[in-house]
Amino acid sequence: MTDLLTIGNKSFSSRLFTGTGKYRDMQSMKTSLVQSGCEIVTVAIRRIQSNEANHQGLMEALNWSKFWMLPNTAGCSNAEEAIRIARLGRELAKVAGQTNNSFIKLEVIPDKRYLLPDPFGTLQAAEQLVKEGFVVLPYINADPLLAKRLEEVGCATVMPLGSPIGSAQGIQNKANIGLIIENSTIPVVIDAGLGVPSEAAEAMEMGADAVLINSAIALAGNPGQMAEAMANAVSAGRQAYLAGRLPKREIAVASSPSKGLLTN
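Residue numbering for the sequence shown follows our numbering, beginning at 1183 and increasing consecutively.
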């Protein structure tokens, strides 16, 4: 494939990132990851560290030679905490056999009700983690100025939310996300809020480079089937974006020729 997604010094053929949280059981998660065709899988470091019930055995259950681990700092409420957990994440990747993996999905979320990311803490943590050699993928509100600042300090992507985590509200901030995509020279990954395949396709049609989807897959009636549907939608949306859509018009334009019509 020639249409690869490059983040840091790694290239991927799939533009669908998935997660490991909220599944009913381990087998459901494993099946969904395979059917999604994903290559990047995000893992909550703190949940692994604390050996939470639905994360027990996760490291051993997945074939990490097939998935690139994206450790995340979920549960961190300030920059200092996120930096500390990120360092643990790099060690976790080594346990999975990925000794050269310095990827980190940076989440700094002090707000426990709406789960909105802290822009100041995110920027502070990102600056430090970039200095330490991390490939930083920050989760942010759809803020074009913050996205550009994070790019300037050396982040590998920006990951604006479509709508609040787990809300399944779709893309509620299209204008700002459009500005982020237009002005970014690093990949833009739409993260959070996508609920159905049509919304994943819409994100890709807008020009996003990838999407991260967890809740919509894990909490579906048939997670594996939904994972496959999301993968198809991401692929279709990407192809449509590359093909170039028909511009919207104010009036109808006939698709049949007007010349050569039969007359009496």
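The beta-carbon is built from N, C-alpha and C at its ideal position, and this holds for glycine as well.
CB contact flag (residue i, residue j, <8 angstroms)
i: I1267; j: T1281; result: no
i: M1408; j: A1402; result: yes
i: V1340; j: I1359; result: no
i: G1315; j: S1349; result: no
i: G1406; j: G1377; result: no
i: G1344; j: A1383; result: no
i: S1284; j: R1272; result: yes
i: L1244; j: I1230; result: no
i: E1306; j: A1261; result: Inspection of the sequence shows that residue 1306 is occupied by Gln rather than by Glu. It is a contact, given that the beta carbons lie within the stated cut-off.
Backbone CA spacing between residue i and residue j [nearest angstrom]
i: M1264; j: T1202; result: The question names Met, yet the displayed sequence has Ala at residue 1264. For A1264 and T1202, the distance between alpha carbons rounds to 19 angstroms.
i: L1319; j: G1190; result: 10 angstroms
i: F1302; j: A1338; result: 18 angstroms
i: L1328; j: R1197; result: 23 angstroms
i: K1313; j: V1335; result: 9 angstroms
i: S1366; j: A1324; result: 13 angstroms
i: G1257; j: I1395; result: 18 angstroms
i: G1356; j: R1331; result: It should be pointed out that residue 1356 corresponds to Lys in this sequence rather than to Gly. Looking at the two C-alpha atoms, the distance is approximately 20 angstroms.
i: I1362; j: L1186; result: 20 angstroms
i: A1385; j: A1411; result: 15 angstroms
i: P1346; j: E1221; result: 24 angstroms
i: K1276; j: G1219; result: 23 angstroms
i: E1387; j: R1431; result: 18 angstroms
i: F1249; j: S1193; result: 13 angstroms
i: D1300; j: S1437; result: 50 angstroms
i: N1404; j: T1213; result: 10 angstroms
As assigned by DSSP and simplified to three states, the class of residue i
i: T1367; result: coil
i: V1165; result: Absent from the structure is residue 1165, since the part of the chain shown begins at 1183 and ends at 1446.
i: T1184; result: coil
i: K1330; result: helix
i: P1429; result: coil
i: M1388; result: coil
i: T1213; result: helix
i: F1249; result: coil
i: K1287; result: strand
i: I1322; result: strand
i: K1294; result: coil
i: G1146; result: Residue coverage of the chain in this structure runs from 1183 to 1446, which leaves residue 1146 outside it and unanswerable.
i: G1406; result: helix
i: L1240; result: helix
i: A1436; result: coil
i: I1399; result: helix
Local Cβ density within 10 Å of residue i, reported as buried at 16 or more and exposed below that
i: K1287; result: buried
i: Y1205; result: buried
i: I1433; result: exposed
i: V1290; result: buried
i: D1293; result: exposed
i: S1195; result: exposed
i: T1304; result: buried
i: E1364; result: exposed
i: E1381; result: buried
i: Q1217; result: buried
i: D1207; result: exposed
i: P1429; result: exposed
i: V1435; result: exposed
Could you tell me whether the region 1390-1398 touches the region 1370-1381, using the rule of 3 or more Cβ pairs below 8 angstroms? yes
Whether or not the region 1218-1233 and the region 1191-1208 are in contact is what I'm after, with contact meaning three or more pairs of Cβ atoms, one per stretch, closer than 8 angstroms; do they touch? yes
Okay, do the region 1239-1255 and the region 1417-1430 touch, 3+ Cβ pairs below 8 angstroms being the bar? no
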